[in-house]
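In what follows, a structure is listed as structure tokens, so that the remarks can point back to it.
Protein chains in written order, with my numbering: chain A, 1 to 582; chain B, 583 to 830.
Written out as structure tokens, the structure reads:
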């Protein structure tokens, strides 16, 4: 072990728990809470994935009788669509990268014994859990799950008689989202305070790993965005249950004039997308942090342009709040507003490109180790670029209007927000698994999982761009009877087969995950020869993270291939003298 | 594991990376919960709690900014009239019970003052703790006015006053769903009341904390943070009142 600088300490924020309940259920330990988030998200992603499979099957074989479910009706398709989007966006893309990995590793990476507010941390997880249960309950109430999509556009979502799922199911959906907002706000509060106040001695902001930076900025986005979504949800609940008209104009449903007047559906869209666009970055920024960390570690090179990467994360976060209107080009907004939103949206391409070029610069001429975490990190960059390139298309109102309601948009956001973010999670799982569970995952099955998933994801979502340009609408439960789309059926069928194979491949991952927990080879404390603080402590880390010690930080997080050093990496808490020559 | 030998002088690589200075700054952030003698560091916990509160105000502000934005947005929106089938301006200003609301505002302002006095009182008590623990040293009997209890009573008084204001609104014909303007009045007042009720609950906890065996230092943290929160509630209410009265 390197000579490492640590200070002894005697107290911890809370004592090590003893009983099963306090240790594993209502735990205050950020590592246990991180794992709870991780497994909640794992459960959610499988639910969401099965829903997507049902949708794909229905799209190409609309009359097929599915075991246990039967034939999927159009309204059921819309419910599947709504629940798939909601589960994936909130309980997977928001929950795992931030709540899971962020909770587990942010305190350790900054040298802290725990989160700033452990009780709040526990409450945050269990509130998220309740939100998930409430959402799932929507499947089982009279009328079933709501139809209004994960974006919940009013007035469809604001009235109770617009469809079978718009009764109690929709109330549960809104309640779940509201509870989730409160949980996320508690989490964000903890992340920000912890980062600002619990960094170890020597851990200046500009020595923080880029993962910490991404979790920190993500928390700020969550802090500002979820309050707005909460406000939107409260207004929606009032409209639905107490007769107000915030979102509902004078409207006739099934020949019946509703008792509402003067509300604005656009108000919902403004409030929702003010949250909704930053949510994209809440999902993807942690993946960017993980990719940066892994590309540097597995290329054995310092990250290219650390400061530029930090400022790019900030710029993406800042601009993310300025562009919500690009989701509303179809709403009839003023062309001047559309122009402003379009310009700001395209401006996000600048920090995104900085990040991409810096990632490429990092691996350029590096001694790259193509292990599974690295493969997924490279996959992340690939998907981020592929999905991101269609962003500037949709950022232009003249192109967005014909493409907006087509499969083009579905392909775009699934690549950049869905699959890229999930690749970030896979990379994080393979990378940190040894630290979390003390064993290594199977490398061979990891590679097989990677290649099937990469090819599968591209096979599902790249053709959607073509389908969209050919005019295939999104949100339609059936298109096979439309003559002008007949020629697209074979491609759709191929995508469904690709989805089946890709989903099947995820069982490889799950089996590898659980098998390796018990049977994987024992991991050393630093199997990847990385530099950040989590690799300086034992595996798995003790209750207080550093076994009664507090690390003192002397270096930046990416000191690889330092000339003159005995090895090609220097741990952050190594007291070695480094003389700067630039 | 790294085996780099610290005695070797090395050059930093040319590539950009965070912080190559080998000398650790005096402090990067916090230092856990540890005081100099290894016990809990209440000063640090207080600082952290204040920071947490400052961070927590952001989403509360965003919540109210959302409502206020919606209020202004909705105010300027024409409505389709079902009889004439034309777009008309139908914003109906709410006849607020201004006098009652002014009395409530004074109650809240006074409670903010008592909260501040409670905060200072407990701060002084904590500061004098080490002196009191010296054998043979007496500071005499300090008058302990119940500022904390007064704040709770005034806070509950404000909430009751708001309930009276709603009754008055109802008596004037303004219910939640009567018009867009009345919906916003109830919404903003109720959301503020819920937040203030949370503050009352925390103060009640602080008052009961001594019975629960909490140390004076711990109670001081709760009272301190809640007092700042209380001031924030006052400012927030002033903003809401001004919005409802002057932007109606």
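We put the CB at the ideal spot given by N, CA and C, even for glycine.
Please name the residue, chosen from the options, that lies closest to residue i on a Cα-to-Cα basis.
i, options, result
"residue 751 (chain B)", "B:736, B:801, B:771 and B:740", "B:771"
"residue 162 (chain A)", "A:459, A:257 and A:555", "A:257"
"residue 365 (chain A)", "A:561, A:277 and A:566", "A:561"
"residue 143 (chain A)", "A:134, A:166 and A:126", "A:166"
"residue 637 (chain B)", "A:189, A:329 and A:433", "A:189"
"residue 563 (chain A)", "A:554, A:576, A:553 and A:551", "A:576"
"residue 512 (chain A)", "A:372, A:222 and A:151", "A:372"
"residue 652 (chain B)", "A:500, A:477, A:271 and A:65", "A:271"
"residue 107 (chain A)", "A:532, A:565 and A:558", "A:532"
"residue 397 (chain A)", "A:40, A:336 and A:329", "A:329"
"residue 461 (chain A)", "A:442, A:409 and A:470", "A:409"
"residue 116 (chain A)", "A:158, A:194 and A:172", "A:194"
"residue 769 (chain B)", "B:625, B:684, B:748 and B:753", "B:748"
"residue 197 (chain A)", "B:662, B:780, B:633 and B:650", "B:633"
"residue 455 (chain A)", "A:552, A:473 and A:494", "A:494"
"residue 413 (chain A)", "A:394, A:111 and A:22", "A:394"
"residue 418 (chain A)", "A:66, A:21 and A:87", "A:87"
Using DSSP with H/G/I as helix, E/B as strand and the rest coil, what is residue i?
i, result
"residue 476 (chain A)", "coil"
"residue 69 (chain A)", "coil"
"residue 616 (chain B)", "Because the pLDDT at residue 616 (chain B) is just 45, under 50, the model does not fix this residue reliably, and the value given afterwards should be weighed accordingly. The answer is strand: DSSP assigns residue 616 (chain B) an E or B state."
"residue 439 (chain A)", "strand"
"residue 726 (chain B)", "coil"
"residue 109 (chain A)", "helix"
"residue 318 (chain A)", "helix"
"residue 95 (chain A)", "helix"
"residue 253 (chain A)", "strand"
"residue 669 (chain B)", "strand"
"residue 142 (chain A)", "coil"
"residue 560 (chain A)", "strand"
"residue 569 (chain A)", "strand"
"residue 662 (chain B)", "strand"
"residue 17 (chain A)", "coil"
"residue 406 (chain A)", "strand"
"residue 608 (chain B)", "With a pLDDT of only 40 at residue 608 (chain B), under 50, the local geometry of the prediction cannot be trusted, and the value read off the model is given with reservation. Correct three-state label for residue 608 (chain B): coil."
"residue 575 (chain A)", "coil"
Starting from residue i, follow the beta strand (DSSP E) in both directions and report where the run begins and ends.
i, result
"residue 550 (chain A)", "549–551"
Would you kindly report the start and end of the unbroken alpha helix (DSSP H) that includes residue i?
i, result
"residue 261 (chain A)", "Neither: residue 261 (chain A) is in no alpha helix (DSSP H) and is coded neither H nor E."
"residue 511 (chain A)", "489–519"
"residue 355 (chain A)", "349–363"
"residue 367 (chain A)", "Neither: residue 367 (chain A) is in no alpha helix (DSSP H) and is coded neither H nor E."
"residue 204 (chain A)", "Note, residue 204 (chain A): premise wrong, no alpha helix (DSSP H); not H, not E."
"residue 77 (chain A)", "74–86"
"residue 26 (chain A)", "Premise fails: residue 26 (chain A) is in no alpha helix (DSSP H) and is neither H nor E."
"residue 121 (chain A)", "118–137"
"residue 219 (chain A)", "210–241"
"residue 486 (chain A)", "Careful: residue 486 (chain A) lies outside any alpha helix (DSSP H) and carries neither H nor E."
"residue 799 (chain B)", "798–828"
"residue 653 (chain B)", "624–657"
"residue 595 (chain A)", "Coverage of chain A is limited to positions 1 through 582, which leaves residue 595 (chain A) absent and any answer about it impossible."
"residue 391 (chain A)", "391–394"
Is residue i a contact residue of the ligand FMN, with contact defined as CB to any heavy atom under 6 Å?
i, result
"residue 813 (chain B)", "Questions concerning the ligand FMN fall outside what the structure shown contains, since it holds no ligand whatsoever."
Flag residue i as yes if its beta-carbon sits less than 7 Å from any beta-carbon of chain D, otherwise no.
i, result
"residue 730 (chain B)", "Here chain D cannot be found, since the structure's protein chains are A and B."
query = Going along the stretch 284–298 of chain A in order, which residues come within less than 7 Å of chain B, judged by CB to CB distance?
reply = none
ask   = In chain order, what residues of the stretch 643–668 of chain B put their CB closer than 7 Å to some CB of chain A?
value = Listed by position along the chain: 644, 645, 648, 649, 652, 655, 656, 659, 661, 662 and 664.
ask   = Which residue spans inside the stretch 274–342 of chain A form an unbroken alpha helix (DSSP H) run of at least 4?
value = 306–320
task = Please list the segments of the alpha helix (DSSP H) lying wholly inside the stretch 710–783 of chain B, counting only runs of 4 or more residues, in order along the chain.
result = Entirely contained in the stretch 710–783 of chain B, the alpha helix (DSSP H) runs reaching 4 residues are, in chain order, 729–753.
ask   = Taking a cut of 8 Å between CB atoms, which residues from the stretch 538–550 of chain A lie near chain B?
value = Only those residues of the stretch 538–550 of chain A whose C-beta falls short of 8 Å from the nearest C-beta of chain B are listed: 550.
request  = Return the residues of the stretch 737–763 of chain B that lie within a Cβ-Cβ distance of less than 7 Å from chain A, sorted by chain order.
outcome  = 758, 759 and 762
task = Could you run through the stretch 694–716 of chain B and flag, in chain order, every residue whose CB is less than 9 Å away from some CB of chain A?
result = none
request  = Pull out every residue of the stretch 102–134 of chain A whose Cβ sits closer than 9 Å to any Cβ of chain B, in chain order.
outcome  = 110, 111, 112, 113, 114, 116, 117 and 120
inquiry  = Using a Cβ-Cβ cutoff of 8 Å, what residues of the stretch 762–795 of chain B are near chain A? List them in chain order.
reply    = 762, 765, 769 and 773
message = Give me the subset of the stretch 253–268 of chain A whose CB atoms are less than 8 Å from a CB atom of chain B, sorted by chain position.
response = Those residues of the stretch 253–268 of chain A placed with their C-beta closer than 8 Å to a C-beta in chain B are 257, 261, 262, 263, 264 and 267, ordered along the chain.
key: Members of the stretch 328–353 of chain A that neighbour chain B once the beta carbon cut-off is set at 9 Å   = none
Under 7 Å (Cβ pairs) to chain B, residues found in the stretch 175–192 of chain A = Going along the stretch 175–192 of chain A in chain order, one finds 185, 189 and 192 with a Cβ nearer than 7 Å to chain B.
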